[in-house]
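Heads up: the structure comes next, in structure tokens.
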Ligand code: FES
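Given below as structure tokens:
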């Protein structure tokens, strides 16, 4: 057996080894430093990340499994991001969380890591970190919450907040009733119960091979979560013994499986930037176009909010991810491995669909060609995405006049103005919301509809933005437009009244303005002057180094891996 990484700290009789051991003893077993694997539990539990607040309990089950298998478990609290709490947007901090976790994994005497995440950015940041430090790693997703009810109806958190608040704006629900629903929205520990970003990233992490198959999607209140956490603790010790690292088993085929899963479950568009960033850390060549090429022909099999009807506890009851993947087994890479050492496809044989209203059979898909479409054209030469399954079919081919907002504040100030020149054929354009422009690429692309359209009964129009969209939102929304306006994209040149053409079948997004005129407008793109460059701190580092959404919005110097080596002794 090769010498453990932790032995670089603990083995020997010199003063440094003495110090490393002595300060860590504090009740550890007497043989803790005699070659037993030391396993960090990268724990994103935090009272300010309410979706992850139960992860300390999960951590105890992981710990028990690690001890049982002969390892030494070590709780490592990591930067945690509460999607609903942190300002200006959790995405601004994803790369910071990933960098901090990566550095702490590398800096400490550990041989492997279990990653505890849940809320939207936590699993992506943990996986980015694990990919870059390349130590054996397994994810435990914290699981969705129990479904709450309001006036006898199940509430999809996130999705129903948008729906109920739009009803208030449309005058069909009183503000008092809206506020009464607040205490029913979050019924238990766990993350959002729709097919939002948290559910999506948990399931996609499993399809990627980084979660024990069958675990992702297990509700936070379900005792099977703790059982699988215990099993994960045992398995990580085995992974360390076998030296099975992310770089050793994650391949392009793993990402193929993740993209197929993303399409079949109707997952969040946010998974695109997160998977691109994780692949970038691993040095695996995954591009935006892969999402279209691999995913767009995959059938949508899962009828979950925001686009559909059911919620995550229904999904798990109906068979969960493995039942979905069994239906599309022929589209998966049969060689792509999981943390178990076996291919993902080997884990599908016993899976069954128990409720065909929630999970459809392959022969009866909800939509035959789901997935994410990648659009290009002079308005998005670097690409933009749309989720056709969440869009209105009659708007997928559309030509309309632009109504332009230079910032979120500008949009809020104008959107309900009775004099706003907008109708149901208009195209709302919101810019200044990309990684650099906001900064942090917030989830604002699904901008609210103008009140006067809501009052007419209009529920969807085409919207275009260089930002992201909440995984719990829906509508005909073109997002992640690249290059973003703040990076000099054509989006910065659009003016009120310009014609915009969207043709999803042709994968086109065009600003119908002659090139000569666009060139004349370019020096006068006054809107860009409004983007203030942050003076110091993380925001400064972020704006100076963040890449476009088309490659995952990572920082340029964080792409790739540094491995687990620390070249110098501790002093
Ligand atoms: Fe945490 Fe939705 S706010 S998952």
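In the numbering used here, the protein residues as written are 148 to 718.
Ideal Cβ positions, reconstructed from N, Cα and C, are used throughout, including at glycine.
Computed from a prediction, not measured in an experiment: that's the story for all the values here.
Complete runs of the beta strand (DSSP E) confined to the region 294-378 [at least 3 residues]: 295-297 and 300-302
Can we say the region 546-558 touches the region 511-528, given the rule of at least three CB pairs closer than 8 Å? no
Following the continuous alpha helix (DSSP H) through residue 271, name the residue where it begins and the one where it ends. Per DSSP, residue 271 belongs to the alpha helix (DSSP H) from 269-280.
How would you call residue 395, buried or exposed, if buried means at least 16 neighbouring beta carbons within 10 angstroms? Label assigned to residue 395: exposed.
Determine the direct distance from the alpha carbon of residue 219 to that of residue 450, and round the result to whole angstroms. 42 Å
Neighbourhood of residue 499 by C-beta distance below 7 Å, restricted to the same chain and skipping five residues each side: 466 and 470
Using DSSP with H/G/I as helix, E/B as strand and the rest coil, what is residue 199? helix
Near residue 461, what residues of its chain come up, given a Cβ to Cβ distance below 6 Å and the 5 sequence neighbours on each side ignored? 505, listed in sequence order.
Those residues which DSSP pairs with residue 546 across a bridge: 648
Please look up how many angstroms separate the CB atoms of residue 422 and residue 407, rounded, as I've assumed it's under 8 Å. Actually they do not touch by this definition, with Cβ atoms about 12 Å apart.
Under 8 Å, with one C-beta from each stretch per pair, do the region 328-338 and the region 302-317 reach the 3-pair mark? In this structure the region 328-338 touches the region 302-317; the number of beta carbon pairs closer than 8 Å is three or more.
Helix, strand or coil, according to DSSP, for residue 402 in the structure here? helix
Any heavy atom of the ligand FES within less than 5 Å of residue CB: hits in chain order: 198, 230, 231, 266, 338, 339 and 345
Using the rule of at least 16 other Cβ atoms within 10 Å of the residue's Cβ for burial, across every protein chain shown, is residue 165 buried or exposed? exposed
Please list, in chain order, all residues of the same chain as residue 716 whose beta carbon is under 8 Å from its beta carbon, the five residues on each side excluded. 163
In this structure, how does DSSP classify residue 284 when only helix, strand and coil are distinguished? strand
Out of 198, 330 and 258, which one is the CA nearest neighbour of residue 291? Check the Cα spacing between residue 291 and each of 198, 330 and 258: the tightest is with 198.
Can you find the residues in the same chain that come closer than 8 Å, C-beta to C-beta, to residue 531, ignoring five residues on each side of it along the sequence? 521, 522, 523, 611, 625, 626, 627, 628, 629 and 656
Residue 623 beta carbon less than 8 Å from that of residue 538: yes
Sub-8 Å separation of residue 545 and residue 649 beta-carbons: Note that the C-beta distance between residue 545 and residue 649 is below 8 Å.
If we ignore side chains and look at the alpha-carbon of each, how far apart do residue 169 and residue 157 end up? 10 Å
Unbroken beta strand (DSSP E) runs of length 3 or more, entirely within the region 473-558: which are they? 520-522, 530-533 and 544-552
Per-residue burial, residue 718 [other beta carbons within 10 Å of its own, 16 or more giving buried]: So residue 718 ends up on the exposed side.
Helix, strand or coil for residue 187, going by three-state DSSP, please let me know. strand
Out of 215, 703 and 239, point me to the one whose CA is closest to residue 587's CA. 239
Expressed to the nearest angstrom, what Euclidean distance is found between the alpha-carbon atoms of residue 515 and residue 344? 22 Å
Please name the residue, chosen from 260, 616 and 368, that lies closest to residue 382 on a Cα-to-Cα basis. Measuring from the Cα of residue 382, the nearest candidate turns out to be 260.
Tell me the rounded alpha-carbon separation between residue 592 and residue 173. 51 Å
Pair within 8 Å by beta-carbon distance, residue 196 and residue 229: Contact: yes.
Looking at the strands, I want to know which residues DSSP matches up with residue 657. 648.
Who are the Cβ neighbours of residue 458 in its own chain at under 7 Å, not counting the five residues just before and after it? 294, 301, 303, 340, 341, 451 and 452
So, are the CB atoms of residue 153 and residue 224 less than 8 Å apart? no
Starting from the Cα of residue 193, find the closest Cα among 359, 202 and 652 and give me that residue. 202
Taking C-beta to C-beta, are residue 658 and residue 645 nearer than 8 Å? yes
Along the beta strand (DSSP E) that carries residue 223, what are the first and last residues, could you check? 219-224
Less than 7 Å between C-beta atoms, sequence neighbours within five positions excluded: which residues of the same chain meet that for residue 405? 351, 354, 355 and 422
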